[in-house]
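To start, the structure under review is shown below, and the notes come after it.
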Amino acid sequence: MLAYAHQLYNASTDSGGLTSIPLPSESTNNPPTDAQHRQLFNLLNAIRSQHPNHLPTLLLLSCAQFSAKEYDQSQETCNTILSMDPNYVEAMSNMGMVMKAKGAYKEAEALWIKAIHLRPTYWDAIDNLVHVLCEPQPSLDGSMLVPRYDKALEILTYVLNILIRPDGLILVLIPQAHIHRLQNLLFTRGNLRGITGSIGAGIDDYTTALELVFRAPGSVESGMPLHLGDVVMAVTVIGLLASHDPESPALREISHALSIDYSRFTMHMLERSVDWLILVQRARSQLLAALLEIGDGALPIVLLTPEMVARIPSALFSAFAHKLPGLCTRQSYEDLWRASPGINEEATNKLTSSILLTLAKLFQTMDQGQKGDIVVNNAHIPRSTSLVIILYYMALALHPTASTYNNLGIIFYTTQDVATTINAHGQRELITGSLLALQYYKKGLTLDPNHPHILTNYGSLLKDQGRSLDAISMYKRALQIKPDFEIALANIANVIKDTGKIKEAIEYYQRALLLSSLLPDVVCGYVNAMASICDWRGGRGAIGNEPIVDDHFHLIQRSSRDDRTPSGWMGRLEETARKQLNEVYAANSGLLRRFGSPEYWFSLVETAYGDGITAGERQKWTFLIGYYYTEFSRTEKAVNELAVIICLMEALNRVLQRRCYGETLDGRASNVGENTNLSSGHYLRLRLPRALGSPAVPALLPFHCFPHALDVRVTRLVAHRNALKISYSALTSSWLPKAVHTPPPPPAGRLNIGYVSSDFNNHPLAHLMLSVFKLHDRQRFRVFVYATSVSDNSYYRQRIEQDAQIFRDVSKQSTEFIVNQIINDQIHILINLGGYTRAARNDIFAARPSSLQVSLMGYAGTSGASWCDYLVCDKQACPKEAFGSYRAAVRRLRREYEPVIHQDGSLREVLEEYVDPESLDMSWALTEKYIHLPHSYFVTDHRQAFREEHLEPHLDPNQRWLTEEKLRAKLRQEIFPDLNE
10 MLAYAHQLYN ASTDSGGLTS IPLPSESTNN PPTDAQHRQL FNLLNAIRSQ HPNHLPTLLL
70 LSCAQFSAKE YDQSQETCNT ILSMDPNYVE AMSNMGMVMK AKGAYKEAEA LWIKAIHLRP
130 TYWDAIDNLV HVLCEPQPSL DGSMLVPRYD KALEILTYVL NILIRPDGLI LVLIPQAHIH
190 RLQNLLFTRG NLRGITGSIG AGIDDYTTAL ELVFRAPGSV ESGMPLHLGD VVMAVTVIGL
250 LASHDPESPA LREISHALSI DYSRFTMHML ERSVDWLILV QRARSQLLAA LLEIGDGALP
310 IVLLTPEMVA RIPSALFSAF AHKLPGLCTR QSYEDLWRAS PGINEEATNK LTSSILLTLA
370 KLFQTMDQGQ KGDIVVNNAH IPRSTSLVII LYYMALALHP TASTYNNLGI IFYTTQDVAT
430 TINAHGQREL ITGSLLALQY YKKGLTLDPN HPHILTNYGS LLKDQGRSLD AISMYKRALQ
490 IKPDFEIALA NIANVIKDTG KIKEAIEYYQ RALLLSSLLP DVVCGYVNAM ASICDWRGGR
550 GAIGNEPIVD DHFHLIQRSS RDDRTPSGWM GRLEETARKQ LNEVYAANSG LLRRFGSPEY
610 WFSLVETAYG DGITAGERQK WTFLIGYYYT EFSRTEKAVN ELAVIICLME ALNRVLQRRC
670 YGETLDGRAS NVGENTNLSS GHYLRLRLPR ALGSPAVPAL LPFHCFPHAL DVRVTRLVAH
730 RNALKISYSA LTSSWLPKAV HTPPPPPAGR LNIGYVSSDF NNHPLAHLML SVFKLHDRQR
790 FRVFVYATSV SDNSYYRQRI EQDAQIFRDV SKQSTEFIVN QIINDQIHIL INLGGYTRAA
850 RNDIFAARPS SLQVSLMGYA GTSGASWCDY LVCDKQACPK EAFGSYRAAV RRLRREYEPV
910 IHQDGSLREV LEEYVDPESL DMSWALTEKY IHLPHSYFVT DHRQAFREEH LEPHLDPNQR
970 WLTEEKLRAK LRQEIFPDLN E
């Protein structure tokens, strides 16, 4: 009868932290009905009448009373049990729940603490106590109690010290069916340690929790315990084997490290019962060294389709009946592992997946300068995007969710890596990050078709592919499901604005602002949209020393020239930009120290300079590197260590490239063109640390800085931060060759000039530059034009195609292809006509396919980039004093150079040409060197001054002007429909 009563209780009631039997049972969440309650109470009262002192019956009765909210009766029943057995912890814990329900939190805590001291493996009491300590709870007088994380940590640490040693050895008998409860305690303590600032200790707890289930029973006692790092490496090896071309050099290196015959190291190994965990554990040191070598200091990026990820457990745990090893048992060493009876596999897989996700997200969001790697026997697997991907794979394989598919899709869409694999038909197939992102978004939508985050991110992918209408449709689907989703509102506003529907975009921005007035993308997008139509209802305000536009659209002059107080929407724009720009200083603090000692960084300098490094250069570099190992506030001194590392690598690779060019000219490296002397490592490219994360960029775009009175440093920094991200993407691309690009041979009478633009169509750039390509002196110059956008078949496109000596349509080609084409064309000077305009391809320039790179025409501002050497301009628009390089040259002329630091703490120059865009110096705006044209850099001929003049040659000037006026009136009406003509 009692068994039937338990069945009835568990089928109709949510236990809510109560214990109905001495060992906790799983329960459902179906709400009980009155009929079920009556049936249960009648049955229990009948049993009690026959067995009044039967404690399990009384325990279940107290639970039933509690679920019926009969708290006084439940308390009385618990007191009856405790009067018979004062140490009956189940009744003690249930009494705690009753006291909590009645608002007596101190009494509840005392009862749970007593229960835990009596039985440290009493999971329900621990969970109940920790929950109360960590949640704000109302007291009897109605006030809210502040969460007591320290007390919760104290309780958890007390229990865990009894249950488990730091090395993972379990000290008391815990059934394998309850291993996930012990896991949960470690997981909870890890979370609390993170909240209280002990992130490293939290990572240790997550690691121990995961190793509980990844280790087979008895492995700690044997002295050969498996580590989380072993599992990570095993998944990496399995992933590379599943996704890579069998002829990949990486697989050869891995097979050698594992001592496996390369001819046998094929995809077919994944279909056999191979104990990958043992294989990896035995070759731990050699394998880790090989993987870090393949991945340039971090794990190599592994690109797997969702179907490949689903097969990971089958291969990884093939020796353990495809289960987590910690859930398995065997009678002897000769027996096969099998699932232990009574295990809760679903709960354990789900919790293990949650811990893996937490660890992955922590590694994603930690400040770059913070320490936090996975330790394997005193060796480290550095925190990196590749490690995060592996953790996500493991989490997804154990418990697939739409959110995890979404998170992986986001990562893949930003990765530059590609992999060549063999598909089901035995054909080689290229896998890219964007293709994988699409697959993961689609897979996530099969689990949850109404997942607003996936729909929004899918829309962003479509937008970046140029499919604006499809993107808008996807955003609208997301907003139908979650109308208050501010990210989707901001994204749809941005794409609608880009289609020219400014008023409609503003409506979406305003909806987003009502939900989150501080979201940077919304603030910046809204202000720029309003500025584009000169609509400042609601208070434009002002920045700098410009007049203020108030809420009533009145113009208010400032009281003095010194008054630069920001206000209104413009003030919020500036505040948002400054906040985002300044946040990185603290976040990137300690990055150089994280990746190496001063000696390591100086060794890279010596590698770049070779035997040619002078005593003066050695002194400068020693001073520079040492500076970053001193204690000072990175924020106060405006020192961005991530920028330092990227710019350092770019500068040193330039030194290598010049050495290569110089030695080629001198005849000391005549075979450089064939790259035959690269085996000596003479010109091997210096790589960014693979574990280095991507730079953050502000929401304010460089092009949008022009119409605002932002100070020169903010404008310079916005450009520079975008340049850093572009540099990072290029320099971490898997296709980038190991050697620096070989410079072209000296010009044999003619210079090869390359122009790159996405605007060789009916666009103002093409209008202004139309005649330039034909006007080059063909005896002195050979003109190459690289069009990165598809032809619109306009007159302008056709004319440029005809006038260029070599016109290359590379609109459908990858960055790798375009860079190699430029190198093969032996371009001496590469000219960027795009800058930070829409669809510009700055990634080409960041890869440095040409020794000399110049910015011209398309973008009227600084690139803030190391990959732009000169800016072509005139002294009226860009006086020499506006260039940091000019001011640095003046300083060198005034005194003999010595390594000094500004009073504001920013470094002056490292190399003679280097200027620090992060400097607090407000006296200069442009990071490039300048080329001043004698009159004006605004290249044009007057024939292009009127719209489509070449299409209407029969019209006389007066008629042409009337036509132009009509066109302008029509355009005004479209943009400003409310404007009274």
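All residue numbers for the sequence shown refer to our numbering, where the first residue is 10 and numbers rise by one.
Note that the Cβ used here is the ideal one computed from N, Cα and C, for glycine as well.
C-alpha distance - residue i paired with residue j, whole-angstrom precision
i: proline 908; j: leucine 633; result: In this prediction, proline 908 has a pLDDT of 47, which is less than 50 and means its spatial position is unreliable; nothing more can be read from the coordinates.
i: tyrosine 158; j: leucine 195; result: 15 Å
i: valine 181; j: isoleucine 173; result: 8 Å
i: arginine 486; j: alanine 499; result: 14 Å
i: phenylalanine 274; j: leucine 260; result: 8 Å
i: histidine 236; j: glycine 378; result: 25 Å
i: glutamine 589; j: cysteine 669; result: 39 Å
i: threonine 166; j: proline 175; result: 11 Å
i: glutamate 973; j: leucine 726; result: 40 Å
i: aspartate 995; j: isoleucine 654; result: Missing from the structure shown is residue 995; the chain here goes from 10 to 990 and no further.
i: aspartate 559; j: glycine 577; result: 8 Å
i: alanine 934; j: tyrosine 868; result: 14 Å
i: valine 799; j: lysine 821; result: 8 Å
i: glutamate 640; j: glycine 605; result: 16 Å
i: histidine 140; j: leucine 64; result: 27 Å
i: lysine 123; j: serine 252; result: 54 Å
i: leucine 1031; j: aspartate 987; result: The shown model of the chain, from 10 to 990, leaves out residue 1031, and the question about it has no answer.
i: lysine 783; j: tyrosine 795; result: 15 Å
Residue i vs residue j beta-carbon contact at 8 Å
i: valine 397; j: glycine 238; result: no
i: leucine 774; j: alanine 856; result: no
i: tyrosine 594; j: alanine 660; result: no
i: threonine 413; j: leucine 366; result: yes
i: alanine 718; j: glutamate 555; result: yes
i: alanine 73; j: leucine 91; result: no
i: aspartate 801; j: threonine 824; result: no
i: threonine 465; j: isoleucine 490; result: no
i: isoleucine 940; j: valine 899; result: no
i: serine 177; j: threonine 205; result: Sequence inspection shows glycine at residue 177; the serine mentioned does not correspond to that position. No, Cβ-Cβ distance for glycine 177 and threonine 205 is not below 8 Å.
i: glycine 844; j: proline 926; result: no
i: glutamine 862; j: aspartate 878; result: yes
i: leucine 842; j: aspartate 786; result: no
i: isoleucine 840; j: tyrosine 764; result: yes
i: isoleucine 420; j: threonine 441; result: no
i: lysine 506; j: glycine 534; result: yes
i: alanine 411; j: histidine 460; result: yes
Other residues of its chain near residue i: CB distance less than 6 Å, five sequence neighbours each side excluded
i: threonine 361; result: Val222 and Leu407
i: serine 71; result: Ser83, Thr86, Cys87 and Asn103
i: proline 716; result: Ala540
i: glutamine 666; result: Val749
i: lysine 452; result: Pro315 and Tyr414
i: isoleucine 762; result: Phe790, Val792 and Ile838
i: tyrosine 692; result: Leu665, Cys669, Ala748 and Val749
i: lysine 359; result: His408
Residues of its chain near residue i, where Cβ-Cβ distance is below 8 Å and the 5 sequence neighbours each way are ignored
i: isoleucine 399; result: Val241, Val244, Thr245, Gly248, Leu308 and Val311
i: arginine 339; result: Leu345, Trp346 and Arg347
Other residues of its chain near residue i: CB distance less than 7 Å, five sequence neighbours each side excluded
i: proline 607; result: Ile634, Gly635 and Tyr638
i: glutamine 830; result: Arg817 and Val819
Closer than 8 Å to chain D by CB, residue i
i: tyrosine 845; result: Annotation note: the requested chain D is absent from the structure, which comprises a single protein chain.
Contained alpha helix (DSSP H) runs [length at least 4] in the stretch 574 to 632, N- to C-terminal order: 577 to 596, 600 to 604 and 607 to 618
Any 3 or more C-beta pairs closer than 8 Å across the stretch 184 to 191 and the stretch 349 to 356: yes
Within the stretch 787 to 871, ranges of the alpha helix (DSSP H) (whole runs, at least 4 residues): 804 to 812, 824 to 833 and 851 to 855
Touch test, the stretch 259 to 273 against the stretch 290 to 299, Cβ-Cβ under 8 Å, three pairs minimum: Cβ pair count under 8 Å is three or more, so yes.
Segment contact, 8 Å Cβ cut-off, at least three pairs: the stretch 526 to 539 with the stretch 557 to 572: no
4-residue-minimum alpha helix (DSSP H) runs that sit fully inside the stretch 112 to 169, ordered along the chain: 114 to 127 and 132 to 143
Continuous beta strand (DSSP E) assignments of at least 3 residues falling wholly in the stretch 503 to 588: none
Whole runs of the alpha helix (DSSP H) within the stretch 332 to 418, excluding any shorter than 4 residues: 354 to 374 and 394 to 407
Completely contained beta strand (DSSP E) runs for the stretch 421 to 486, where each covers 3 or more residues: If we require 3 residues or more, the beta strand (DSSP E) runs fully inside the stretch 421 to 486 come out as 427 to 431 and 437 to 441.
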